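Those protein sequence lines, which keep their order, are chains A and B.
To get the numbering used here, take the position in the first sequence, counting from 1, and add 205.
To get the numbering used here, take the position in the second sequence, counting from 1, and add 22.
All residues carry an ideal CB built from backbone N, CA and C; glycine is no exception.
It should be emphasised that the depicted structure is a prediction, and the values quoted were computed from it without experimental measurement.
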Amino acid sequence: MATSGKVIRCRAAVAWAAGKPLSVEEVEVAPPKAGEVRIKIVATGICHTDEHVLKGCFPNVEFPVIPGHEGAGIVESVGEGVTSMKPGDKVIPLCLPQCGECSFCLNPESNYCLKCHFSEHQNLLPDKTTRFTCKGKQIHHFMWVSTFAEYTVVPEYAVAKIDPAAPLDKVCLLGCGFSTGYGAALNNAKVKPGSTCAIFGLGGVGLSVVMGCKAAGASRIIAVDINKDKFAKAKELGATDCINPRDYKKPIQEVLTEMTGQGVDYSFEAIGYAETMIAALASCNMSTGVCVMVGVLDSGSEISVDPTLLLTGRTWKGSALGGWKTRDCIPKLVSSYLEKKFNSDLLITHTLPFAKVNEGFELLRAGKSIRSVLLF
Amino acid sequence: MATSGKVIRCRAAVAWAAGHPLSIEEVEVAPPKAGEVRIKLVATGICRTDEHLLQGCFPKAEFPVIPGHEGAGIVESIGEGVTSVKPGDKVIPLCHPQCGECSFCLNPESNFCQKSHFSEQQNLLPDKTTRFTCKGKQIHHFLWVSTFAEYTVVPEYAVAKIDPAAPLDKVCLLGCGFSTGYGAALNNAKVKPGSTCAIFGLGGVGLSVVMGCKAAGASRIIAVDINKDKFAKAKELGATDCISPHDYKKPIQEVLTEMTGQGVDYSFEAIGYAETMIAALASCNMSTGVFVMVGELDSGSKISVDPTLLLTGRTWKGSVLGGWKIRDSIPKLVSSYLEKKFNSDLLITHTLPFAKVNEGFELLRAGKSIRSVLLF
Numbered sequence: 206m207a208t209s210g211k212v213i214r215c216r217a218a219v220a221w222a223a224g225k226p227l228s229v230e231e232v233e234v235a236p237p238k239a240g241e242v243r244i245k246i247v248a249t250g251i252c253h254t255d256e257h258v259l260k261g262c263f264p265n266v267e268f269p270v271i272p273g274h275e276g277a278g279i280v281e282s283v284g285e286g287v288t289s290m291k292p293g294d295k296v297i298p299l300c301l302p303q304c305g306e307c308s309f310c311l312n313p314e315s316n317y318c319l320k321c322h323f324s325e326h327q328n329l330l331p332d333k334t335t336r337f338t339c340k341g342k343q344i345h346h347f348m349w350v351s352t353f354a355e356y357t358v359v360p361e362y363a364v365a366k367i368d369p370a371a372p373l374d375k376v377c378l379l380g381c382g383f384s385t386g387y388g389a390a391l392n393n394a395k396v397k398p399g400s401t402c403a404i405f406g407l408g409g410v411g412l413s414v415v416m417g418c419k420a421a422g423a424s425r426i427i428a429v430d431i432n433k434d435k436f437a438k439a440k441e442l443g444a445t446d447c448i449n450p451r452d453y454k455k456p457i458q459e460v461l462t463e464m465t466g467q468g469v470d471y472s473f474e475a476i477g478y479a480e481t482m483i484a485a486l487a488s489c490n491m492s493t494g495v496c497v498m499v500g501v502l503d504s505g506s507e508i509s510v511d512p513t514l515l516l517t518g519r520t521w522k523g524s525a526l527g528g529w530k531t532r533d534c535i536p537k538l539v540s541s542y543l544e545k546k547f548n549s550d551l552l553i554t555h556t557l558p559f560a561k562v563n564e565g566f567e568l569l570r571a572g573k574s575i576r577s578v579l580l581f
Numbered sequence: 023m024a025t026s027g028k029v030i031r032c033r034a035a036v037a038w039a040a041g042h043p044l045s046i047e048e049v050e051v052a053p054p055k056a057g058e059v060r061i062k063l064v065a066t067g068i069c070r071t072d073e074h075l076l077q078g079c080f081p082k083a084e085f086p087v088i089p090g091h092e093g094a095g096i097v098e099s100i101g102e103g104v105t106s107v108k109p110g111d112k113v114i115p116l117c118h119p120q121c122g123e124c125s126f127c128l129n130p131e132s133n134f135c136q137k138s139h140f141s142e143q144q145n146l147l148p149d150k151t152t153r154f155t156c157k158g159k160q161i162h163h164f165l166w167v168s169t170f171a172e173y174t175v176v177p178e179y180a181v182a183k184i185d186p187a188a189p190l191d192k193v194c195l196l197g198c199g200f201s202t203g204y205g206a207a208l209n210n211a212k213v214k215p216g217s218t219c220a221i222f223g224l225g226g227v228g229l230s231v232v233m234g235c236k237a238a239g240a241s242r243i244i245a246v247d248i249n250k251d252k253f254a255k256a257k258e259l260g261a262t263d264c265i266s267p268h269d270y271k272k273p274i275q276e277v278l279t280e281m282t283g284q285g286v287d288y289s290f291e292a293i294g295y296a297e298t299m300i301a302a303l304a305s306c307n308m309s310t311g312v313f314v315m316v317g318e319l320d321s322g323s324k325i326s327v328d329p330t331l332l333l334t335g336r337t338w339k340g341s342v343l344g345g346w347k348i349r350d351s352i353p354k355l356v357s358s359y360l361e362k363k364f365n366s367d368l369l370i371t372h373t374l375p376f377a378k379v380n381e382g383f384e385l386l387r388a389g390k391s392i393r394s395v396l397l398f
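Right, here's the structure in full:
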């Protein structure tokens, strides 16, 4: 492309400091170095994790930073040695990479590529430099991908090439929220047909868990949220029951245990609150139940748990990006989307121009949106 | 037998109050009612859980009580309706029952019979009365089985009939400690051949976990204890490495992670301390590791855990009685014992006459014994 090899000036939403709104700025995006890909972002979702970044909940994230991690776009140029994609390809940048070489990538049971943010700070690219500058300052990446920018630069193994027929303003959600929830049910919990499930939190991820439980053939899918406005969509996506903890005097785990006799076979927490993490754990069958933790607690916080909950037989496990080996699986999920195997479009409640990014966050904070998609 | 239908006067070790030594008393043991079995105990092990009982760690246990839950004996008489055992049969009383009718017994994946002490107090038999009196007082059962008595009375579904060739002074350990540890490895963790394991705590249960990991074909079995006197036996039973946290400045989970590259595939905690539970959790592979909690924390205590340990992919699960459907499995374990498939005898460090029960507890407290077996 004409911009190949050159610095691109474009818009990006910069978080200059924790607690401040995003500022739409003009930034400079350097060309990709060896092994990197520069992507023109077409659409990006707003995920609650981005909100956590803005509030300063992640001590490893450095300001100023360009957030956003749920995007889709088109390759603008590639650095030396990049072979798996070329300019013009449709791609989803991966907030959880898949280098293919580390011991976790080589393990069929793991999706936790050692290049990811839990292991390595992804504030800077692997060569420890950033491709973003603004007003003379270096701007940090977020999980490398920084999709709140018209152009971003990402290592090749953090990019998935997808079907050219894919509508980027819809499949961007497969970059995080949808895949995270859907996979938690299918890969981490491995929900069995006829089983019972409870999902705490009906945001984008929680609703995707509902979809996953339904796809897996669960017989009962109980959706739990304190915001009743979320129930209609949960039902549309497959929830058989919707309950609000505020409607009960007794703890919600007791309600769920009574509703199901012994507790659910699989429970999920997709909020990131200690209290609901424990409630979800206690809601699953004391002997054979599985609780999958999807939501992320504020960094450094701890949960206080009664180990008897586990001693009786429960299983508690975590999930990152729905257990998918991302670079392998996201393209397949996009194909499944095109085959209409699931309807992730129902998660999109608002579509906004990129300039209205802060409005998108306000809708999220007010509980009025599930997924807002920003279009560049 | 001549005693059939009559009250039996015999010896028992009574705990009159928490914090007091056991008192060998003459007690009266009533005949079995319908559905019950009276057993002449021949041998009983001393398990740390009995010590916890003496210390008053279990709020639901009521004093005065006859402790002991790891015994073996011979059926003396049976109550009306009992069909699965008859006088003269060798049996192991089950501290964790298997009624065969409840939803958990009917579930192939569960061993958590709902008649167990987590769900129902086992201070009294199912008809809510005790069979023990002493000095005019009613004495409580412990987990129904109360094996620190020459005769005990237990519901039929809490008795396993075993091979008549079994040496009762050896197989009594299969009533709790051995089966708990061995099964944690085979049934709960499902240790795979070639994998790496770490076991925290080298008491009777921990050493049985070592045996289980070895039987499952683990390639590396790292035994962890602050008492180095326990290392020799751990090695004899299959440990490939023995380490003491006191020999290192850094946390033991870091030591284990460095020793194995990414952490162990399976970790076990067989002590019951919050700190070692977290260390064991953190010692297993962050993405695919499984931590099985075997040790029991003091009732009501909680552990504080960083959920990030799970979010990356770890699995945390509990284990009761090694996950065995106990009435089905103990006879088979006894047969395996007779076929010399494992050497649980190595756990027996001391054999004492029943009258020396308190000496047995002192050896346990001093860290000088693994299993003391008391002979009646």
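Check: Check whether the region 26–39 of chain B and the region 80–88 of chain B are in contact - that is, three or more C-beta pairs closer than 8 Å.; Outcome: yes
Check: Find the residues of chain B that neighbour T520 (chain A), judging by a C-beta separation of less than 8 Å, and give them in chain order.; Outcome: T337, W338 and K339
Check: Taking just the CA atoms, how far does V167 (chain B) sit from E178 (chain B)?; Outcome: 11 Å
Check: Would you kindly check if the distance between the Cβ of R243 (chain A) and the Cβ of E281 (chain A) is under 7 Å?; Outcome: yes
Check: Which class does C235 (chain B) belong to by DSSP, given the choice of helix, strand or coil?; Outcome: helix
Check: Measuring alpha carbon to alpha carbon, tell me which residue in A:L378, A:M482 and A:K455 is nearest L538 (chain A).; Outcome: A:L378
Check: Within the 7 Å Cβ cut-off, does E314 (chain A) reach chain B?; Outcome: yes
Check: Report buried or exposed for Y163 (chain B), applying the criterion of at least 16 other Cβ atoms within 10 angstroms of its Cβ.; Outcome: Per the sequence shown, residue 163 (chain B) should be read as His rather than Tyr. H163 (chain B) should be labelled buried.
Check: Contact criterion: CB-CB distance below 7 Å. Does E306 (chain A) meet it with respect to chain B?; Outcome: no
Check: Measuring CB to CB, does V247 (chain A) end up less than 7 Å from G278 (chain A)?; Outcome: yes
Check: Any beta carbon of chain B sitting closer than 7 Å to that of M498 (chain A)?; Outcome: yes
Check: Where V107 (chain B) and E98 (chain B) are concerned, what is the direct C-alpha to C-alpha distance, given to the nearest angstrom?; Outcome: 10 Å
Check: If you measure between the beta carbons of V491 (chain A) and E474 (chain A), is that distance less than 7 Å?; Outcome: The identity of residue 491 (chain A) in the sequence shown is Met, whereas the question assumes Val. The answer is no: Cβ separation not under 7 Å.
Check: CA-CA distance, A304 (chain B) and Q275 (chain B)?; Outcome: 6 Å
Check: Out of A:S488, A:V234 and A:R519, state which residue places its alpha-carbon closest to the alpha-carbon of V355 (chain A).; Outcome: Residue identity check: residue 355 (chain A) is Glu in the sequence provided, not Val. Comparing Cα positions, the closest option is A:V234.
Check: Residues in its own chain within less than 6 Å of F376 (chain B) by CB, not counting five upstream and five downstream?; Outcome: L396 and F398
Check: Taking 7 Å as the CB-CB limit, is E131 (chain B) close to chain A?; Outcome: yes
Check: Just checking my contact of S315 (chain A) with G283 (chain B) at CB under 8 Å: how many whole Å lie between their CB atoms?; Outcome: Actually they are not in contact, since the Cβ atoms of S315 (chain A) and G283 (chain B) sit about 13 Å apart, beyond 8 Å.
Check: Given that D511 (chain A) touches chain B, what residues does it touch there, using C-beta distances under 7 Å?; Outcome: K324
Check: Pick helix, strand or coil for P450 (chain A), following the three-state DSSP scheme.; Outcome: helix
Check: Taking C-alpha atoms, which residue in B:L208, B:G382 and B:M315 lies nearest to I223 (chain B)?; Outcome: First, the residue type needs correcting, since residue 223 (chain B) is Gly and not Ile in the sequence shown. It is B:M315.
Check: CA-CA distance, N210 (chain B) and S323 (chain B)?; Outcome: 23 Å
Check: Give me the subset of the region 246–277 of chain A whose CB atoms are less than 8 Å from a CB atom of chain B, sorted by chain position.; Outcome: none
Check: Is there a C-beta anywhere in chain A that falls below 7 Å from the one on L208 (chain B)?; Outcome: no
Check: Can you give me the C-alpha to C-alpha distance between L373 (chain A) and Y478 (chain A), rounded to a whole angstrom?; Outcome: 32 Å
Check: Does the beta carbon of I483 (chain A) come closer than 7 Å to any beta carbon on chain B?; Outcome: no
Check: Which of the three DSSP states is assigned to K212 (chain B) in this structure?; Outcome: coil
Check: Just to confirm, are P360 (chain A) and E267 (chain A) a CB contact at a threshold of 7 Å?; Outcome: no
Check: When the distance is taken between beta carbons, is L514 (chain A) closer than 7 Å to S488 (chain A)?; Outcome: no
Check: Counting contacts by CB-CB distance shorter than 7 Å, is F134 (chain B) in contact with chain A?; Outcome: yes
Check: Going by DSSP in three states, S201 (chain B) sits in which element: helix, strand or coil?; Outcome: helix
Check: Hey, out of B:V277, B:T262, B:G260 and B:C194, whose CA is closest to H268 (chain B)'s CA?; Outcome: B:V277
Check: Do we get a CB-CB distance below 7 Å when we pair T401 (chain A) with the residues of chain B?; Outcome: no
Check: Output, in chain order, the set of chain A residues within a Cβ distance shorter than 8 Å of F80 (chain B).; Outcome: Ordered by position in chain A, no residue passes the 8 Å Cβ test against F80 (chain B), which lies about 11 Å from the chain.
Check: Short of 7 Å in beta carbon distance, which residues of its chain neighbour I476 (chain A), apart from the five on each side in sequence? Order them along the chain.; Outcome: F405, G406 and G500
Check: For L196 (chain B) and I352 (chain B), which I take to be in contact (beta-carbon distance under 8 Å), what is that distance rounded to the nearest angstrom?; Outcome: 6 Å
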